Each structure stands twice: as structure tokens, then as C-alpha cells.
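Whatever position you read off the sequence shown (first residue = 1), add 283 for this note's numbering.
The C-beta atom is built at its ideal place from N, Cα and C for all residues, glycine as well.
None of the values given here were measured: they were computed from a predicted structure.
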Amino acid sequence: MTDASKTNSDARLTRAIDALGNLPVLSGTVARVVTLVDDPESSTGQLVSVMESDEAFAANLLRFANSAHNARPVRASTIRQAVTLVGRAAVKRLAIEAATYRFLEQVPGNGSPSRGHMHVHAVAVGSTAAAIAEHAGVGMDVPHLAGLLHDVGKLVMPLAFGDQAVDDLASRFPGGVTRAAAERDRFGSDHAIAGGMLARKWGLPREVADAIRDHHGTHDGAAAATREVACVQLANAIVGLLDGRTLDADLTSRALTRLGMDAQVLDEVAEAALSGHGVTTDVGLGEQVMRLEELARVDDLTGVLNRRAWLQAVRAHIAEDDGGSVMLLDIDNFKQVNDRHGHRMGDLLLVEVARVLNRHGEVGRLGGDEFGLWLSIGGDSVADATRAIQQTLEETFGGDSGLEGVGVSLGVVPVTPGADPIELLEQADEQLYRRKRG
Numbered sequence: 284m285t286d287a288s289k290t291n292s293d294a295r296l297t298r299a300i301d302a303l304g305n306l307p308v309l310s311g312t313v314a315r316v317v318t319l320v321d322d323p324e325s326s327t328g329q330l331v332s333v334m335e336s337d338e339a340f341a342a343n344l345l346r347f348a349n350s351a352h353n354a355r356p357v358r359a360s361t362i363r364q365a366v367t368l369v370g371r372a373a374v375k376r377l378a379i380e381a382a383t384y385r386f387l388e389q390v391p392g393n394g395s396p397s398r399g400h401m402h403v404h405a406v407a408v409g410s411t412a413a414a415i416a417e418h419a420g421v422g423m424d425v426p427h428l429a430g431l432l433h434d435v436g437k438l439v440m441p442l443a444f445g446d447q448a449v450d451d452l453a454s455r456f457p458g459g460v461t462r463a464a465a466e467r468d469r470f471g472s473d474h475a476i477a478g479g480m481l482a483r484k485w486g487l488p489r490e491v492a493d494a495i496r497d498h499h500g501t502h503d504g505a506a507a508a509t510r511e512v513a514c515v516q517l518a519n520a521i522v523g524l525l526d527g528r529t530l531d532a533d534l535t536s537r538a539l540t541r542l543g544m545d546a547q548v549l550d551e552v553a554e555a556a557l558s559g560h561g562v563t564t565d566v567g568l569g570e571q572v573m574r575l576e577e578l579a580r581v582d583d584l585t586g587v588l589n590r591r592a593w594l595q596a597v598r599a600h601i602a603e604d605d606g607g608s609v610m611l612l613d614i615d616n617f618k619q620v621n622d623r624h625g626h627r628m629g630d631l632l633l634v635e636v637a638r639v640l641n642r643h644g645e646v647g648r649l650g651g652d653e654f655g656l657w658l659s660i661g662g663d664s665v666a667d668a669t670r671a672i673q674q675t676l677e678e679t680f681g682g683d684s685g686l687e688g689v690g691v692s693l694g695v696v697p698v699t700p701g702a703d704p705i706e707l708l709e710q711a712d713e714q715l716y717r718r719k720r721g
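This is the structure we're talking about:
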């Protein structure tokens, strides 16, 4: 290629990139989710609130949390439970995947020979790149985002060189290294180079832009410059192979060597990646104060009142002479859950207990696996509520859930005028342990 041809090709790509405008993926709900996940001071409640405002994303999160890939003894039935189950980092990746899928699905020409079904392929490569990174001990954010956007240059090529010309070439060379080589021969550049240029225009991190540019390898056949780039190269090769494309053995071998991985792990990584497929704005002082007050009252994991706030609420009920009862509940053999299934499963169990109790009164998490419940009822009604709570939780813990031996113990005491909430808890505690022993 002459220097003049190369200059003309670059100029066409630059004009096409300018015409595309800014990246819409990292905006709206996804931007707020990403910012909250990256903020160590943000609460689970804030994250849940943002996701609950986006019905489509909330549904995707629940579907992912309860997929076979994330099989757990207890299914997530609320957004808070889903966040607890999959973890904040996975929520961030899922948010970016969902937004990228919607963006690429709706671009003009999606499904044409030049673009293919970009939205489906993008999510598969992004997920696989993240799984490879996790297996290789590489940070997951760069491979995941670069994997999702690795083919974004296919949006640029028709704008730069014409729909018909690019479609004709793509019909003869559907994908992979052969297509990139054919694009360079015909147009003086390829979709990987165009994608890297677009990523830089969008202000994405240099590491992401480089991984997009080199996802089909470098022209001189050199090894991947970074392990993040190798993750994207390998992910694209795996997904392409599953789609029936010929594997680029040289590129795959170089990527595996760069990552220190053996080819035998590829099936395991691909299955782990694909089986689940499925910014806070500036606020005024008043809203910041309300947020701080909420954080001071609420247990971040379960979303119910913390010990201090719950005791205050109980004192207020007693002062108003509302009448009622106080229940104390803890989970039997809770340590066993953490030991056998991990702390994430234990957290999910706490969220589920809080959800069940919340149907019956004002709930507080008093510490660990211990909950307090204010019931504005007494007598036979308390006994009915107690049976209903025990039955619901027994159904959660029982059957084939893998939680054999896990249950709840509780104590309930009636409230008398002027009673001290701490003394009421002590009385309920004595009753609870009598039931445990007997």
C-alpha cells in the first residue's frame, strides 16, 4: 500500500468515527451502576434502588442470578438478593453487557454480512474474556469491556468505505484473521484498527483500545503486548470456534503462552463463561444528609433496620403505648452454611430471613444471624405469625436445598407499658435458648 493510500484510508476512518459520535453504552443506568460499584463508600441500598428503576435490567439480573451457572440452594427473588448472590463486580459486568447488547442490537445494519449479529457475539466474547482473565489471574475489567467492544470497528467500516463494498467482502470472508487481512488488502485498513481508533475517540482506557485493535493479532505475528490483550484474542478464538469458524492455531497458541495457560482448560473456561447467558449525579446537601441518615439506620446487607435504629423504633412504639410483642430469632447452624457453601450463600440466607420477617412487622438485624421483630399484635395472633414464619423458613431451608440441619429458633414476649426493649430482648433470648435446648 502506498503512503497516499494509507493516508486516504485513515482520513476516511477518521471522518466515519466523527460521524458516529459518542459511545452511548456507558450512560444512563449502566453508568450509575458502574460508578456505584466502583465507589467503596456506596451502599447496597443505593445500588438496588438504581437497578429497580430499570425494569429490563432488573429482570436480566434476576435471570442471571438464578441461572444454572449460578446455582445455589436458595434462589434470588428480589434485586437485593440477586446483588448479594452474584456480587457487586458481577453486577457491573452484567450492566455493561446488557447495555452493549441493546446498543449493538439496534445499530443500523445489524445482521448484515458486514456486521453479523454483533450483539450476540459481543456478549459471548466479553463473558469469555472475563472468565479467561479470572482463570489466569488477570484483572477482569479491561478484557471484559474490550471483549464486548472488540468488533465495534465493524460499525465504522461501512461508513468509511461504503455498505455495498464492505458487505461484498464480508460475504466472501465472514470473520476471523482472513477477513481482517482481506479488509487491509481492499481498503487499506481493517475493522480491528478502526475499532481501536473509535475506542480512543470515545475516551476509553488505552488498554481497552489496544486490546480491540489487536484482537486478531498484530500484523507482524508478534505475541500479545499484554495479558489483557491475550485474554481478548483467546476469547474471540474460542467463541469463533463454537460458531463454526476455523481456529487460528498460531494466534491461539501465542495467547495461551502469554497467559501461561494450557489448551485443556479452554472447554472449562468457555462453559463457565457462557452458561450464565444469558453514576451518581451531583446531589444537593439535603439529599446527602438524607442518605447519611439512611446509612446510619439501615443494615446495608439486608436492607432492614440496624440494631440501634430498631431499638429506637421499639422504644417509640412502647412510648406510644401501641401494644404488641417482641420476637428474637436466630439461625441454627449458620456457621455450617458459611463453611459448606461460602459467605455469599450465608449473606443470601440473611437477606431471605429479613425478607420473610419483614412481612410480619418491623425488623432489625441485631448482629450476625440474630434478628429482632416488632409485632403490633398479641395473643393468638402472635402464635399464628410465629407458625407462619417458621413454616416459610422451613420450606426455604428444607427439601433439596442443601441446607439440611439449618433452621431457626425464636422467642416471643408480650410488651407491657413502660418496658425496656433491652430487657424484652433478654427475656426473648431466654425463651429462645430454652427452645434450642429442649
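Query, Result
"With 16 as the cutoff for other CB atoms within 10 Å, does Gly543 come out buried or exposed?", "exposed"
"Over the uninterrupted alpha helix (DSSP H) stretch that includes Glu635, give me the two end residues.", "His626 to Asn641"
"Taking the alpha carbon of Val333 as the reference point, which residue from Arg627, Arg363, Arg623 and Asp533 has its own alpha carbon closest?", "Arg363"
"What's the gap between the Cα of Gly479 and the Cα of Ser692?", "59 Å"
"Just reading off the beta strand (DSSP E) that Val609 is part of, what are its end residues?", "Ser608 to Asp615"
"Since Val581 and Asn589 should fall inside the 8 Å C-beta cutoff, what is the C-beta to C-beta distance between them, to a whole number of angstroms?", "6 Å"
"Taking only the alpha-carbon atoms, compute the straight-line gap between Leu549 and His433 and give it to the nearest angstrom.", "20 Å"
"Closest to Ala429 by C-alpha separation, out of Leu442, Phe444, Ala419 and Ala413, would be which residue?", "Ala413"
"Give the DSSP bridge partners of Val696, in chain order.", "Val609"
"Express the C-alpha separation of Pro426 and Val634 in angstroms, rounding to a whole number.", "32 Å"
"Please state whether the Cβ-Cβ distance between Phe347 and Val369 is less than 8 Å.", "yes"
"When you compare only the Cα positions, how much space is there between Leu632 and Ser659?", "25 Å"
"State buried or exposed for Glu713, treating a residue as buried only when at least 16 other CB atoms are found within 10 Å of its CB.", "exposed"
"Counting C-beta neighbours from all protein chains within 10 Å, is the total for Pro700 16 or more, i.e. buried, or is it exposed?", "exposed"
"Assuming Gly436 and Leu487 make a contact with CB atoms under 8 Å, what is their CB distance in whole Å?", "In fact, because the Cβ distance is near 13 Å, the residues do not count as touching under 8 Å."
"Once DSSP output is grouped into helix, strand and coil, what is the label at Arg358?", "coil"
"For Ala443 and Ala465, I'd like the C-alpha separation in whole angstroms.", "16 Å"
"Which whole runs of the alpha helix (DSSP H) in the stretch 376-440 are 4 residues long or more, in chain order?", "401-419 and 424-432"
"Can you give, in chain order, each stretch of the alpha helix (DSSP H) that sits fully within the stretch 511-560 and has at least 4 residues?", "532-542 and 549-557"
"Using only CA atoms, which one of Asp615, Met401, Leu534 and Leu319 lies nearest to Ala508?", "Leu534"
"Does the beta-carbon of Ser336 have 16 or more other beta-carbons within 10 angstroms, so that it is buried, or is it exposed?", "exposed"
"Within a Cβ cutoff of 6 Å, which residues of the same chain sit near Leu431, ignoring the five residues on either side of it in sequence?", "Thr383, Ala405 and Gly409"
"Using 10 angstroms around the beta-carbon of Thr367, count the other beta-carbons present and answer buried if the total reaches 16, otherwise exposed.", "buried"
"Measuring CA to CA, which of His402, Gly420 and Asp322 is closest to Lys375?", "Asp322"
"Looking at the structure shown, is Val646 part of a helix, part of a strand, or coil, going by DSSP?", "strand"
"Identify the continuous alpha helix (DSSP H) that holds Phe654 and give its terminal residues.", "Element bounds for Phe654: not the alpha helix (DSSP H) but the beta strand (DSSP E), Glu653 to Leu658."
"According to DSSP, is Asn343 part of a helix, a strand, or is it coil?", "helix"
"Count the other CB atoms, across all protein chains shown, that sit within 10 Å of the CB of Ser608; report buried if there are 16 or more and exposed otherwise.", "buried"
"Answer with buried or exposed for Ser292, where buried requires no fewer than 16 other C-beta atoms within 10 angstroms of its C-beta.", "buried"
"Quick check on this structure: which residue in Gly422, Ala711, Val698 and Leu296 has the alpha carbon closest to the alpha carbon of His600?", "Val698"
"Assign Leu708 to one of two classes, buried (16 or more other C-beta atoms within 10 Å of its C-beta) or exposed (fewer than that).", "buried"
"Just grab the DSSP bridge partners of Gly690 for me.", "Asp615"
"Look at the alpha carbon of Thr564 and the alpha carbon of Gly586, and state the distance between them as a whole number of angstroms.", "Because Thr564 sits at a pLDDT of 31, beneath the cut-off of 50, its placement in the model cannot be relied upon, and the point is left open."
"Can you give the Cα-Cα distance for Leu344 and Leu584, rounded to whole angstroms?", "17 Å"
"Which of helix, strand or coil does DSSP assign to Val460?", "helix"
"Just to confirm before moving on: does the CB-CB distance between Val689 and Val620 stay below 8 Å?", "yes"
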